[in-house]
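Just below is one structure, and these are the notes that go with it.
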Amino acid sequence: MLKKSLTVFFEEFLYKESLFVDKSVLLASYIPETVYYRDIEVNKIAAILAPLLKREKPSNLFIYGSTGSGKTLVVKHIIDNMEEVSKNKKIPLKIVYINCKLKKVADTEYRLIAQLASFFGKSIPPTGLPTDEVYKIFYNAVEQERGIVLLVLDEIDQLIKRTGDNVLYNLTRINEELKNSQIALVGVSNNITFMENIDVRVKSSLSEEDVLFPPYNAFEIQNILKERAKKAFKENVIEQGVIEKCAAYVAREHGDARKAIELLRVAGEIAERSKSKTVLTEHIDEAEEKLEREKIFDIVRTQPKQFQVVLFSILSTKNKNLSIYTGEVYELYKRLCFKIGLRPLTQRRVSHIIGEFELIGIINTKTISKGRYGRTREITLSVPSSVLPLTKKILEEELVLT
DNA sequence: AGGTATTCACATGAAACTATTCTCTGAGTTAGG
DNA sequence: TAACTCAGAGAATAGTTTCATGTGAATACCTGT
């Protein structure tokens with residue numbers, strides 16, 4: 174029975190007309206051949222990095238702008254081009270691109286340097302070595318390169334925030350000791366303010382040049398979407414107003430093009446699954462809700478148990494009155510821990526965990542003073558209330574199971 | 001009434017501790033010559 | 001004597017605890033009118 178219906182399903186799936194021609198165009202990893210609305214930035218960055226091709230050290234470069242404003246895209250685009258030119262003209266060129274946010278890969282000083290070294294064919298154990306040693310290995314590898322090495326560090330703000338500016342200091346200083354080679358740095362950051370609390374020497378050294386990426390406006394996003402949609406979808410699959418709606422929705426926030434594209438993709442998937450022949454504006458709404466929902470569920474499920482208990486406490490406190498305070502959450506949390514046989518963490522820790530939840534974006538907090546009655550955080554949920562029951566249920570399951 | 005001091009209930013920060021995972025080193029052991 | 005084993009020292013890292021200090025405004029407490 175079941176087997177048969179599954180076969181039917183798969184067969185249907187196979188022969189069903191897909192709305193997509195090439196879905197990969199709508200994935201975050203896709204790098205388009207032409208980058209729109211970033212001409213100024215592309216030219217500027219290209220001009221700064223061009224000396225690489227003549228084996229001269231370019232200025233260090235610092236790129237910043239909000240998420241989805243095309244920074245990574247532009248940088249990768251330029252790198253690709255340079256590598257192609259260098260291949261054609263047989264110019265030796267060493268460019269290393271690293272995203273510092275990747276957990277367990279490059280999110281600490283040690284790991285970043287280890288990762289860098291691995292690009293030069295040196296394998297470094299994940300732990301056990303002194304950091305100095307790793308630096309030495311990296312240093313030697315670069316020295317052997319006998320040329321200019323370009324290091325592109327994407328999302329360095331994450332790295333700096335976690336580990337301080339030591340890495341950058343060391344990386345900028347390493348040039349003074351290198352005899353045969355030189356390192357040029359490109360830092361990419363979402364956060365503009367993170368530069369403030371950085372060693373002045375590092376700051377001036379890193380941003381010999383800088384480029385700001387303004388967010389896309391609604392019009393630009395529309396055209397970007399249209400361009401991508403043309404490649405990704407079949408013809409006449411997208412109804413009037415869909416792209417406009419998608420763009421408008423995203424522009425309202427920060428002009429995050431990546432999000433707009435994702436939204437369009439998910440809308441397409443939903444349309445396909447619901448056997449619709451075209452993508453409608455309703456699908457955008459649905460996609461938006463789905464994305465939001467999945468983001469939350471994903472976070473909730475993958476969180477460590479202690480975090481889950483804290484979150485559950487927050488959600489459960491919610492029902493009683495409008496505002497939630499740390500104290501109440503902690504009391505409930507302690508009781509919950511007792512109930513499921515978990516050693517409760519200190520209040521300090523729980524306070525921190527609440528802070529992390531805010532960082533992730535599923536709650537908002539405001540530290541308020543209630544005068545004589547102390548000072549605390551006022552917590553509000555930034556989760557649509559429609560997903561609350563299910564979220565709670567997931568948490569219950571996760572917690573009771575073990 | 002108006003002004004100052006207290007006080008609450010946490011927030012926030014820094015440092016230290018714990019446990020885990022991993023490398024490296026050198027001593028001791030074993031097996032083969 | 002070379003190869004192997006294994007314990008111990010030292011590192012990185014994540015998660016936590018401990019200790020210390022900060023803080024905004026509702027109240028308590030004065031003070032002079």
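Basically the numbering used here = 1-based index in the first sequence + 173.
Glycine is no exception: its CB is placed at the ideal position from the N, C-alpha and C atoms.
None of these values were measured; they are calculated from a predicted model.
Evaluate contact between the stretch 460 to 475 and the stretch 272 to 280, counting only Cβ atoms and requiring at least three cross-stretch pairs below 8 Å.
no
Can you say whether Gly241 is buried or exposed, counting buried as having 16 or more other CB atoms within 10 angstroms of its CB?
buried
How would you call Pro388, buried or exposed, if buried means at least 16 neighbouring beta carbons within 10 angstroms?
buried
Quick one: grab the DSSP three-state call for Arg545.
The DSSP-derived three-state label of Arg545 is helix.
Own chain partners of Leu568 with C-beta closer than 8 Å, once the 5 adjacent residues on each side are dropped:
Val473, Gln481, Leu484, Phe485, Leu488
Beta-carbon proximity check, Leu341 vs Val375, cutoff 8 Å:
Leu341 is a Cβ neighbour of Val375, given a cutoff of 8 Å.
Val247: first and last residue of the uninterrupted alpha helix (DSSP H) it sits in:
Val247 -> alpha helix (DSSP H) spans 244 to 261.
Along the chain, where does the alpha helix (DSSP H) containing Leu341 start, and where does it finish?
339 to 350
Mapping the DSSP letters down to three states, classify Glu462 as helix, strand or coil.
Reduced to three states, the DSSP call for Glu462 is helix.
Does DSSP classify Glu184 as helix, strand or coil?
helix
I'd like the list of long-range same chain contacts for Lys249, defined as Cβ closer than 8 Å, with 5 residues on each side in sequence excluded.
Once the five neighbours on either side are set aside, the close Cβ partners of Lys249 are Ile204, Tyr270.
Within its chain, find whatever has a CB closer than 7 Å to the CB of Arg425; leave out the 5 residues flanking it on each side and keep chain order.
Same-chain partners within the cutoff: there are none.
Helix, strand or coil for Thr366 per DSSP?
helix
Look at the alpha carbon of Tyr312 and the alpha carbon of Asn370, and state the distance between them as a whole number of angstroms.
27 Å
Gly414 in three-state terms, based on DSSP:
Looking at Gly414 - three-state DSSP - the assignment turns out to be coil, as it is neither helix nor strand.
Coarse secondary structure for Val556, derived from DSSP in three states:
Note: Val556 maps to coil in three-state DSSP.
Under 8 Å, do Asp383 and Ile252 count as touching if we go by C-beta distance?
no
Stretch-stretch touch, CB-based, cutoff 8 Å, three pairs: the stretch 403 to 418 with the stretch 448 to 458:
yes
Identified DSSP bridge partners for Thr119:
Nothing about residue 119 can be reported from this structure: the residues present for the chain run from 174 to 575 only.
Within 8 Å, strictly: CB atoms of Leu199 and Arg438:
Leu199 places its beta carbon less than 8 Å from that of Arg438.
Any chance the stretch 498 to 505 sits against the stretch 521 to 529, with 3 or more Cβ pairs inside 8 Å?
yes
Inter-stretch contact at 8 Å, needing at least 3 Cβ pairs: the stretch 278 to 291 / the stretch 329 to 337
yes
Identify every residue that forms a DSSP beta bridge with Gln476.
Note: Gln476 sits in no beta bridge, so no partner.
Just how far apart, CA to CA, sit Ile324 and Ser239?
In the sequence as presented, Ile is not what sits at residue 324; that position holds Leu. Roughly 21 Å between the two C-alpha positions.
Burial state of Ile221 (16 or more Cβ within 10 Å):
buried
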